[in-house]
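Chemist:
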């Protein structure tokens, strides 16, 4: 009788834990999908280290997929016990190394970067549909769907160290994706305002771009440099 009672308690605890995960997953309004230009990252940090796999392609790299609230707040570190398991994303590793590279020093495989993004942001989106594998797979698909570099190239905006109108950059991305992006710039050692990060908003399923309920408040000059990489 005692064994049956204990088993019943365990089942109830498991159900409560499952429901708590669902509540966490719904406790935000949308995602920011953030991509960064590697040339600007290296200028921003004054130095950068290429991954152990070599210099990444001259393309936007994923920074993260971040749960966000319309009031500007955001959840973070929602489940510190759920560390990223490398085996769960082993089939995505080559794509992550290409599309989500780490440029921080010291040089790494990227796993430390991915672990940080999962633990800080991904655990707050965890649900029946979005587990560790689903979180990273969703980000990879969003990058392919946005295709930022192609969108800018089609508008004659290229990473050639030239300066471009900020409004033209936003318009090119909106024309390609259907939605207005948020743009973050950095200042390099020569005091140039550079195209650094692009924020796109995504629904809570992590699959569809939406118009941003709240754009990040980032300052940029009216003309920004698109640096070479």
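Residue numbers (mature numbering (1 follows the signal peptide of the UniProt record, and there is no 0)): -25 to -1, 1 to 204.
Just so you know, even glycine gets a beta-carbon here, dropped at the ideal spot from N, CA and C.
Look at the Cβ atom of residue 24, then the Cβ atom of residue 80, and state whether they are nearer than 8 Å.
Modeler: Taking 8 Å as the Cβ cut-off, residue 24 and residue 80 qualify as a contacting pair.
Chemist: Terminal residues of the continuous alpha helix (DSSP H) containing residue 23?
Modeler: No alpha helix (DSSP H) contains residue 23, which DSSP labels as neither H nor E.
Chemist: With DSSP as the reference, label residue 171 as helix, strand or coil.
Modeler: If DSSP states are grouped into helix, strand and coil, residue 171 belongs with the strands.
Chemist: In the structure shown, what three-state DSSP assignment does residue 49 receive?
Modeler: Coil.
Chemist: Count the other C-beta atoms from every protein chain shown that fall within 10 angstroms of the C-beta of residue 45, then say buried if there are 16 or more, exposed otherwise.
Modeler: Under this definition residue 45 is an exposed residue.
Chemist: Suppose the cutoff is 7 Å on Cβ atoms and the five residues either side in sequence are ignored; what does the same chain contact list for residue 169 look like?
Modeler: For residue 169, where only same-chain residues beyond five positions count, the Cβ hits under 7 Å are 15, 18, 160, 161, 163, 199, 200, 202.
Chemist: Under 8 Å, with one C-beta from each stretch per pair, do the region 23 to 38 and the region 64 to 74 reach the 3-pair mark?
Modeler: Enough Cβ pairs lie closer than 8 Å, so yes.
Chemist: What residues in its chain sit with their C-beta under 6 Å from that of residue 54, if we drop five residues either side in the sequence?
Modeler: Closer than 6 Å at the Cβ level, and outside the excluded window around residue 54, lie 98.
Chemist: Quick test of your reading: residue 47 and residue 96, contact by CB under 8 Å. State the CB separation rounded to the nearest angstrom.
Modeler: That pair is no contact at about 16 Å.
Chemist: How would you write the range of the alpha helix (DSSP H) that residue 124 sits in, first residue to last?
Modeler: 123 to 129 is the span of the alpha helix (DSSP H), which, as asked, contains residue 124.
Chemist: Return yes when the Cβ of residue 114 is within less than 8 Å of the Cβ of residue 37, no when it is not.
Modeler: Going by C-beta atoms, residue 37 is nearer than 8 Å to residue 114.
Chemist: Could you give the distance in angstroms between the alpha-carbon of residue 6 and the alpha-carbon of residue 26?
Modeler: When rounded, the distance between both Cα atoms is 27 Å.
Chemist: How would you label residue 116, buried or exposed, when you count the other beta carbons within 10 angstroms and need 16 or more for buried?
Modeler: Burial call: exposed.
Chemist: Which one of 142, 193, 119, 83 has the shortest CA to CA distance from residue 183?
Modeler: Nearest of 142, 193, 119, 83 to residue 183, Cα basis: 119.
Chemist: Where residue 167 and residue 204 are concerned, what is the direct C-alpha to C-alpha distance, given to the nearest angstrom?
Modeler: Rounded to the nearest angstrom, the two C-alpha atoms are 16 Å apart.
Chemist: Leaving aside the five residues before and after residue 94 along the sequence, list all residues of the same chain whose C-beta is less than 6 Å from its C-beta, in chain order.
Modeler: No residues qualify anywhere along the chain.
Chemist: With distances taken from CA atoms, which of 121, 188, 129 is nearest residue 173?
Modeler: The option with the nearest alpha carbon to residue 173 is 121.
Chemist: Drop a sphere of 10 angstroms on the beta-carbon of residue 197, count the other beta-carbons inside from all chains shown, and report buried for 16 or more, exposed for fewer.
Modeler: Flag for residue 197 reads exposed.
Chemist: Just curious, the alpha helix (DSSP H) that residue 138 is in, first and last residue?
Modeler: It is not in any alpha helix (DSSP H) - residue 138 instead sits in the beta strand (DSSP E) that spans 138 to 140.
Chemist: Roughly how far, in whole angstroms, is the beta-carbon of residue 126 from the beta-carbon of residue 152, given that I think they are within contact range, below 8 Å?
Modeler: Indeed, because the Cβ distance is near 7 Å, the residues count as touching under 8 Å.
Chemist: Measure how close the beta-carbons of residue 177 and residue 8 come, nearest whole angstrom, since I'm counting them as under 8 Å.
Modeler: Going by Cβ atoms, the distance from residue 177 to residue 8 rounds to 5 Å, so yes, they are a contact pair.
Chemist: So, with DSSP's three-state summary, where would you put residue 178?
Modeler: Residue 178: coil per DSSP, three-state reduction.
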